[in-house]
Amino acid sequence: LSKRDQPGQLPLPALLPGLVEDSFSQGETPCAPFQKIKAVYDTNPAKFRTLQNILEVEKEIGLRFIQVFLQSLCDGERDENHPNLIRVNATKAYEMALKKYHGWIVQKIFQAALYAAPYKSDFLKALSKGQNVTEEECLEKVRLFLVNYTATIDVIYEMYTKMNAELNYKV
Numbered sequence: 092l093s094k095r096d097q098p099g100q101l102p103l104p105a106l107l108p109g110l111v112e113d114s115f116s117q118g119e120t121p122c123a124p125f126q127k128i129k130a131v132y133d134t135n136p137a138k139f140r141t142l143q144n145i146l147e148v149e150k151e152i153g154l155r156f157i158q159v160f161l162q163s164l165c166d167g168e169r170d171e172n173h174p175n176l177i178r179v180n181a182t183k184a185y186e187m188a189l190k191k192y193h194g195w196i197v198q199k200i201f202q203a204a205l206y207a208a209p210y211k212s213d214f215l216k217a218l219s220k221g222q223n224v225t226e227e228e229c230l231e232k233v234r235l236f237l238v239n240y241t242a243t244i245d246v247i248y249e250m251y252t253k254m255n256a257e258l259n260y261k262v
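Numbering (the working numbering), first residue to last: 92 to 262.
Okay, here's the thing in structure tokens:
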């Protein structure tokens, strides 16, 4: 690679063989990340010409998850039996932003991972960077953040829709 050729900018057909050959001995099959990249590329070679194209689209999906999750917290959605858990919020965000891109196995892994989610109070304390603020003060700052964040995410999604660059595969 020259200094101008960044790995994320190289055409995937040129990049994948080198990654696979460098990473595996003869006779072994590529691991899941390489298989996923190849599978995504194969769905639309023109759209996913470079690794960066794939990563940019996936990043936007993750940003929508964050937006829905934080909005759900601010809206006060919660499990009435366990109000300090954030499973309801994470599940809503997952279902709205990520679930359609995941097959059955990944969906089950997500459900299992919910049991490792932090308590709401711990999550808000982490958002407050350890400052001594009330839950309502923290959520008010999140609401203010979401005003611009949501507008930005909506514009990005609108652009992807106009460019027909939405993802249409499952992992």
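Glycine included, each C-beta is placed from N, C-alpha and C at the ideal position.
Computed from a predicted structure; not experimentally measured.
Touch check for the segment 239 to 254 and the segment 164 to 174: three-plus C-beta pairs under 8 Å?
-> no
Secondary structure of D133, DSSP reduced to three states | helix
Would you mind reading off the limits of the alpha helix (DSSP H) that contains K232?
-> E226 to K253
Mind checking if K191 is an interface residue toward chain C, Cβ cutoff 9 Å exclusive?
-> Reference to chain C is not applicable here, since this structure consists of a single protein chain.
Look up D213 in the DSSP assignment and say whether it is helix, strand or coil.
-> helix
Can you tell me which of V159, M187, A181 and G153 puts its alpha carbon nearest to the alpha carbon of L205?
-> A181
What do you get for Y185, buried or exposed, if any count of 16 or more other CB atoms within 10 angstroms of its CB means buried?
-> buried
Please state whether DSSP places L189 in a helix, a strand or coil.
-> Here L189 carries a coil assignment [DSSP, helix/strand/coil].
From L176, G153, Q158 and L154, pick the residue whose C-alpha is nearest to that of R234; which is it?
-> Q158
F156 versus L218, L189, L230 and Q202, residue with shortest Cα-Cα distance = L189
Use the C-beta contact count for I200: other C-beta atoms within 10 angstroms, 16 or more gives buried, fewer gives exposed.
-> exposed
Smallest Cα separation from A208: which of T252, F160, I177 and D245?
-> I177
Cut-off 6 Å between Cβ atoms - residues of its own chain near G109, not counting five sequence neighbours on either side | Any reading at G109 must be qualified, since the residue scores a pLDDT of 44, below 50, and its modelled position is unreliable; the value itself is stated next. Counting only Cβ-Cβ distances below 6 Å, and skipping sequence neighbours, we find nothing.
Please classify K191: is it buried, with 16 or more other beta-carbons within 10 angstroms of its beta-carbon, or exposed?
-> exposed
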